[in-house]
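Q: Going line by line, the protein sequences match chains A and B. For the first sequence, our numbering assigns the number 1 to the initial residue and increments by one for each residue that follows. For the second sequence, our numbering assigns the number 119 to the initial residue and increments by one for each residue that follows.
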Amino acid sequence: GAGVSQSPSNKVTEKGKDVELRCDPISGHTALYWYRQSLGQGLEFLIYFQGNSAPDKSGLPSDRFSAERTGGSVSTLTIQRTQQEDSAVYLCASSLMLTYRDNNSPLHFGNGTRLTVT
Amino acid sequence: SQQGEEDPQALSIQEGENATMNCSYKTSINNLQWYRQNSGRGLVHLILIRSNEREKHSGRLRVTLDTSKKSSSLLITASRAADTASYFCASHSGGGADGLTFGKGTHLIIQP
Numbered sequence: 001g002a003g004v005s006q007s008p009s010n011k012v013t014e015k016g017k018d019v020e021l022r023c024d025p026i027s028g029h030t031a032l033y034w035y036r037q038s039l040g041q042g043l044e045f046l047i048y049f050q051g052n053s054a055p056d057k058s059g060l061p062s063d064r065f066s067a068e069r070t071g072g073s074v075s076t077l078t079i080q081r082t083q084q085e086d087s088a089v090y091l092c093a094s095s096l097m098l099t100y101r102d103n104n105s106p107l108h109f110g111n112g113t114r115l116t117v118t
Numbered sequence: 119s120q121q122g123e124e125d126p127q128a129l130s131i132q133e134g135e136n137a138t139m140n141c142s143y144k145t146s147i148n149n150l151q152w153y154r155q156n157s158g159r160g161l162v163h164l165i166l167i168r169s170n171e172r173e174k175h176s177g178r179l180r181v182t183l184d185t186s187k188k189s190s191s192l193l194i195t196a197s198r199a200a201d202t203a204s205y206f207c208a209s210h211s212g213g214g215a216d217g218l219t220f221g222k223g224t225h226l227i228i229q230p
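See below:
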């Protein structure tokens, strides 16, 4: 079946512009995650959704970052007034997380959006 | 502080040899997971080992977990060129996604 889909795959934007990144998770996966990966680095957790709600937003780097999920499916990550330090690959993942404490569901990742802020 | 620190950061071996990567973590965990990432792609889940397990196998992969040393190792036997990728461990220390912490990864190169 279809995996996690992210769009666009690449985005080049000017400093100060807003960008919107989209994630379409695997059908039926209730949990959705956003991570950021800088060159040669590990993954930085940003936010996750259980259904449409985001229990913990503390991973978002600043108030310029926001995310929403509607209908328990597609999610968008919005970065306002982009800065050069926002340049990174933004990865989305989903999992079949049946309950909040179900921590044994592996994550399924999309191929990411490579964001370059000039 | 960063959980899930992989070691070495980079590893280059000949095709057919075995590759061993290590991971250390700092707090108690519920499980530890290993993922692979090919260049320009997302991460792919390889194997999950629970805190009450000591060893797990999947095909050419063997994972061990030593909770007393807070460490795990991933062994890839009879390596192939297609195994060239970055490998990440992710330790899960609590409920929810905020309890899953990824390391910086080991970049493995298999030379034909």
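Glycine is no exception: its CB is placed at the ideal position from the N, C-alpha and C atoms.
#1: Is it right to say Asp86 of chain A is buried, meaning 16 or more other beta carbons lie within 10 angstroms of its own, or is it exposed?
#2: Which full runs of the beta strand (DSSP E) of 3+ residues lie inside the region 64-96 of chain A, going along the chain?
#3: Bridge partners for Asn10 of chain A per DSSP, in chain order?
#4: Thinking just about the alpha-carbon of each residue, which of A:Pro106, A:Ser105, A:Ala93, A:Thr116 is nearest to the one in Trp34 of chain A?
#5: With 9 Å as the threshold, decide whether the Cβ of Gly177 of chain B is near any Cβ in chain A.
#6: Got a sec: is the Cβ-Cβ distance from Asn104 of chain A to anything in chain C below 9 Å?
#7: Please determine, among B:Leu192, B:Gly158, B:Gln127, the residue with the shortest C-alpha to C-alpha distance to Arg178 of chain B.
#8: Can you tell me the Cα-Cα spacing of Ile131 of chain B and Ile227 of chain B, whole angstroms?
#9: Using three-state DSSP, classify Gln120 of chain B as helix, strand or coil.
#10: If you run the structure through DSSP and keep just helix, strand and coil, what is Ala196 of chain B?
#11: Closest to Gln84 of chain A by CA distance: which of A:Tyr48, A:Asp18, A:Thr118 is it?
#12: Would DSSP call Tyr100 of chain A helix, strand or coil?
#13: With a 10 Å radius around its C-beta and 16 neighbouring C-beta atoms as the bar for buried, classify Arg198 of chain B as buried or exposed.
#14: Does the CB of Ala88 of chain A have a neighbour CB from chain B at under 9 Å?
#15: Which residues share a DSSP beta bridge with Leu161 of chain B?
#16: Strictly below 8 Å CB to CB, what residues from chain A border Leu161 of chain B?
#17: Please check if any C-beta of chain A sits within less than 9 Å of the C-beta of Arg168 of chain B.
#18: Going by CA-CA distance only, name the one from B:Ile194, B:His225, B:Asp125 that's closest to Asn136 of chain B.
A: The short version:
#1: Position 86 of the first sequence, counted from the start, is the residue given in the question as residue 86 of chain A. That one is buried.
#2: Within the region 64-96 of chain A, the complete beta strand (DSSP E) runs of at least 3 residues are 65-69, 75-79, 88-95.
#3: Residue mapping note: residue 10 of chain A aligns to position 10 of the first sequence, counting from 1. Listed as beta-bridge partners of Asn10 of chain A by DSSP are A:Arg114.
#4: Stepping through the first sequence from its first residue, residue 34 of chain A is reached at position 34. It is A:Ala93.
#5: For the purposes of this step, residue 177 of chain B is taken as the residue at position 59 of the second sequence. Chain A, which has no Cβ nearer than 9 Å to the Cβ of Gly177 of chain B, makes this no.
#6: Absence of chain C from the displayed structure is noted, the protein chains being A and B.
#7: Taking the second sequence and counting its residues from 1, the one referred to as residue 178 of chain B is at position 60. With distances taken between Cα atoms, Arg178 of chain B lies closest to B:Leu192.
#8: Taking the first residue of the second sequence as 1, we reach residue 131 of chain B at position 13. Taking the first residue of the second sequence as 1, we reach residue 227 of chain B at position 109. About 6 Å.
#9: The residue labelled residue 120 of chain B in the question sits at position 2 within the second sequence. For Gln120 of chain B, the pLDDT reaches just 37, beneath the cut-off of 50, and the residue's location in the model is therefore unreliable, leaving the point undetermined.
#10: Counting from one through the second sequence, the residue named residue 196 of chain B turns up at place 78. Ala196 of chain B falls in the coil class under three-state DSSP.
#11: For the purposes of this step, residue 84 of chain A is identified with residue 84 of the first sequence, where counting begins at 1. When each option's Cα is compared against that of Gln84 of chain A, the closest is A:Thr118.
#12: Position 100 of the first sequence holds residue 100 of chain A. Legend: pLDDT at Tyr100 of chain A = 48, less than 50; position of this residue unreliable, no value from coordinates given.
#13: In the second sequence, the residue the question calls residue 198 of chain B occupies position 80. Looking at its Cβ environment, which holds fewer than 16 other Cβ atoms inside 10 Å, Arg198 of chain B is exposed.
#14: Locating residue 88 of chain A in the first sequence gives position 88, where the first residue counts as 1. No, its Cβ sits nowhere closer than 9 Å to a Cβ of chain B.
#15: Translated into positions along the second sequence, residue 161 of chain B becomes position 43. According to DSSP, which records beta bridges pairwise, Leu161 of chain B is partnered with B:Gln155.
#16: Translated into the one-based positions of the second sequence, residue 161 of chain B becomes position 43. What Leu161 of chain B touches in chain A: Leu43, Leu91, Ala93, Leu107, Phe109.
#17: Numbered from its first residue, the second sequence carries residue 168 of chain B at position 50. Answer yes: the Cβ-Cβ gap between Arg168 of chain B and chain A drops below 9 Å somewhere.
#18: Position 18 of the second sequence, counted from the start, is the residue given in the question as residue 136 of chain B. Closest option to Asn136 of chain B, Cα to Cα, is B:Ile194.
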